[in-house]
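Those letters in the sequence shown? Residues 6 to 263, by our numbering.
Virtual Cβ for every residue (Gly too), placed ideally from N, Cα, C.
Small disclaimer: the values here were computed from a predicted structure and weren't measured.
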Amino acid sequence: MVVSVGLMPSSSISTSPADVQTIIRLAEEKIRIKTIALGLRVTEFFHDFDRLRSGYVTASQFKRCLDTNLRLQLSSEEEELLFQKYDLKHDGSICYREFCDIINRKYPETTITPYPENFTNAAPPYLNSWRSTRHVGTEDESERLQNVLQRIATYCKQRGIDVLSIMEQYDKHKMGEITDSQFYRAFIGPQLTEADMTLLRDKYSDPGKPGLINYLNFVQDLNTYSRTNEIIVSTTDNSNIQQIPFVGVEERAEQRSI
Numbered sequence: 006m007v008v009s010v011g012l013m014p015s016s017s018i019s020t021s022p023a024d025v026q027t028i029i030r031l032a033e034e035k036i037r038i039k040t041i042a043l044g045l046r047v048t049e050f051f052h053d054f055d056r057l058r059s060g061y062v063t064a065s066q067f068k069r070c071l072d073t074n075l076r077l078q079l080s081s082e083e084e085e086l087l088f089q090k091y092d093l094k095h096d097g098s099i100c101y102r103e104f105c106d107i108i109n110r111k112y113p114e115t116t117i118t119p120y121p122e123n124f125t126n127a128a129p130p131y132l133n134s135w136r137s138t139r140h141v142g143t144e145d146e147s148e149r150l151q152n153v154l155q156r157i158a159t160y161c162k163q164r165g166i167d168v169l170s171i172m173e174q175y176d177k178h179k180m181g182e183i184t185d186s187q188f189y190r191a192f193i194g195p196q197l198t199e200a201d202m203t204l205l206r207d208k209y210s211d212p213g214k215p216g217l218i219n220y221l222n223f224v225q226d227l228n229t230y231s232r233t234n235e236i237i238v239s240t241t242d243n244s245n246i247q248q249i250p251f252v253g254v255e256e257r258a259e260q261r262s263i
């Protein structure tokens, strides 16, 4: 979608002030969770468009940065409300510096409390939703799960398969979860037994949403195994290492975490 700086009418949003604040807060939380999930520094998105470091970009540049780096689909209402909030000079330019401060802020604004840990803006445990609390009961089952993940990570890494992009094709709202059947259809990897697939399904099921799989958790674990493999290879053979992207998101210069 193309955003025109000239098309930002403040009167087009007819929701109540309370609803507006809720929509903005949820949109910012969605962005915050995605940046945490992908290990990105949101500030770096905008530097290529702001050579003088003024702290401002155009609305179209602001949208392009989020679309390109986060692959996050915001509604037109969410986009317009964000534009209005961060159009601090009321000239159509967006103050990305203020936006980044909000996204990167660990504690909510104007919160004074002796227990700040109760008010953190951190994402729910392990990316976008609660990690499955299912206990891998036996040592054999735990070892089998590790072997399955290792096989998948190696298979996808050797073939340059971007698992995250494939899973996201089934995630219409880009919330990090897909159904069981979508997970089975999206899976590209070595041939696994039905028992192995069931083990994956049980491990990455969202305990609060029956029938949904948190694929961000799955991809994150695959990336962990890919990194482990890369370290092992680099320590055993420094002379001929093939640089293959991680199985989730290929790290580009503007997407490296600290």
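Asked: Can you pull the DSSP bridge partners for Glu-182?; Found: Asn-219
Asked: Helix, strand or coil, according to DSSP, for Thr-63 in the structure here?; Found: strand
Asked: In its own chain, which residues sit with a C-beta less than 7 Å from the C-beta of Glu-83, not counting the 5 before and 5 after it?; Found: Ile-28, Ala-32
Asked: Is the number of C-beta pairs between the region 215-231 and the region 160-170 that are closer than 8 Å three or more?; Found: yes
Asked: With DSSP as the reference, label Asn-133 as helix, strand or coil.; Found: With a pLDDT of only 45 at Asn-133, under the threshold of 50, the placement of this residue in the model should not be trusted, and no figure is reported.
Asked: Among Ala-191, Leu-217, Thr-40, whose alpha-carbon lies nearest the alpha-carbon of Gln-174?; Found: Ala-191
Asked: Put Ile-36 into one of helix, strand or coil per three-state DSSP.; Found: helix
Asked: Is it a yes or a no for the region 209-220 touching the region 183-190, going by three-plus beta-carbon pairs under 8 Å?; Found: yes
Asked: My output table needs one value for Ile-99: the three-state DSSP class, helix, strand or coil.; Found: strand
Asked: Comparing alpha-carbon positions, which option in Phe-223, Gly-60, Tyr-209, Val-25 lies nearest Glu-103?; Found: Gly-60
Asked: Check whether the Cβ atoms of Leu-232 and Leu-197 lie closer than 9 Å to each other.; Found: This sequence places Arg at residue 232; Leu is not what is there. No, the pair does not count as a contact, with Cβ atoms beyond the cut-off.
Asked: Have a look at Ile-38, Ser-147, His-95, Lys-94 and flag the residue whose alpha-carbon is nearest the alpha-carbon of Ile-107.; Found: Ile-38
Asked: Have a look at Ser-81 and Asp-24 and give me their C-alpha separation to the nearest angstrom.; Found: 15 Å
Asked: If we ignore side chains and look at the alpha-carbon of each, how far apart do Gln-66 and Phe-51 end up?; Found: 8 Å
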